[in-house]
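*Asks:* Read in our numbering, the sequence shown has 30 at position 49, and its numbers run on one by one without any break.
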Amino acid sequence: MRIIKQVQQMQKLAKQTRTKGLKIGLIPTMGFLHEGHLSLIRLARKEADFIVVSIFVNPTQFGPGEDYQAYPRDLQRDCRLIGQNGGDVVFVPSSEEIYPEGYCTFVELEGITRKLCGAFRPTHFRGVATVVTKLFYIVKPHFAVFGQKDAQQAIVIKRLVKDLNFGIKIIVAPTVRESDGLAMSSRNLYLSEQEREDASVLYKSLQGAKSMVEAGERSASRIIVTMEKMISEKPTAQIDYIAAVDDQQLEPLEQLSGEVLIAVAVRFGRARLIDNIILSV
Ligand code: PAF
């Protein structure tokens, strides 16, 4: 397995790989890998001849006062795990390599990036769309894999690929969970014992919503109120949002029908956690 730090070197290798007729799969990450990331690598391995995992804690997707500096990093461990799980290249550029002096080009999607997490993190998806666009140009993948936990990010990236005619297949892989249902996230590391215990309510509230729908409930507000009650019973939980929206435009629904995304963002201490389910109603 190779570790590449320079954009030019990565681009050259990607070009050579494509010339050989090999299929490139990209898994973009911010590192500090957990089982969720590793499942994406293993899934990509089934489809690709050549797997690139990028590790880049992208400064432009963090807002002022967010956890850019504190974001956990462990490159040595990440590289070992990537090798063990079938990665061929780890692309790990520096900030200066991605955003050199004078950098001023950004990719912005309208509408869907202002909703859900975008309402609380107004510059987040601009940073994500910019770095993912750059990674697509640098790594030249045939497909890229993202996790369903970041449902809005996956929707934004699918839109980006369509709007800019990238011709890259986007695969969205299922959320990997701890035994109590908590979605795996690098940010779970921030949780105290009490917060970790409380955080399992996110999955339970989503399962509660699913049971309500299965029992015939179609009112979004009744489902949201029930979830809100469950979550706010936990002493360390502070809700950013609970939403039931359509899975394309992320428009809030009054009555659930079609493909419905039920999404939550809740802060537990300094960890802001997100989770979701998609229901076919
Ligand atoms: O999901 C993430 O880890 C990041 O948002 C991504 C896609 C790697 C872009 O920095």
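Positions of the beta carbon are idealized from the N, C-alpha and C atoms, including for glycine.
Nearest-angstrom Cα distance between VAL157 and LYS215?
*Replies:* Using only the alpha carbons, I get a separation of about 23 angstroms.
*Asks:* Return the first residue and the last residue of the beta strand (DSSP E) that ASP227 is part of.
*Replies:* 218 to 227 is the span of the beta strand (DSSP E), which, as asked, contains ASP227.
*Asks:* Is ASP131 near ligand 1, going by C-beta to nearest heavy atom under 6 angstroms?
*Replies:* Yes, ligand 1 has a heavy atom inside 6 angstroms of this Cβ.
*Asks:* Are there any heavy atoms of ligand 1 lying less than 6 angstroms away from the beta-carbon of VAL112, as far as the coordinates show?
*Replies:* At least one heavy atom of ligand 1 is nearer than 6 angstroms to the Cβ of VAL112, so yes.
*Asks:* Check this for me: beta carbons of PHE117 and LEU172, under 7 angstroms apart or not?
*Replies:* Result no, Cβ atoms of PHE117 and LEU172 do not sit closer than 7 angstroms.
*Asks:* Compute every distance between the C-beta of THR156 and the non-hydrogen atoms of ligand 1, then say whether any falls below 6 angstroms.
*Replies:* No, the beta carbon of THR156 sits no closer than 6 angstroms to any heavy atom of ligand 1.
*Asks:* I'd like the ranges of any alpha helix (DSSP H) spanning at least 4 consecutive residues and lying wholly in the region 128 to 196.
*Replies:* Here the runs fully enclosed are 132 to 144, 174 to 180, 182 to 195.
*Asks:* Look at MET(-9) and PHE72 and say whether their C-beta atoms are less than 7 angstroms apart.
*Replies:* Contact flag set, yes.
*Asks:* Would you identify the three-state DSSP class for PRO40, choosing helix, strand or coil?
*Replies:* If DSSP states are grouped into helix, strand and coil, PRO40 belongs with the helices.
*Asks:* Check whether the region 24 to 39 touches the region 112 to 130, taking contact to mean three or more Cβ pairs, one atom from each stretch, closer than 8 angstroms.
*Replies:* Judged by Cβ distances under 8 angstroms, the region 24 to 39 makes contact with the region 112 to 130, as three or more pairs qualify.
*Asks:* Determine the extent of the beta strand (DSSP E) in which ASP256 is found, giving its start and end residues.
*Replies:* First-last of the beta strand (DSSP E) with ASP256: 252 to 261.
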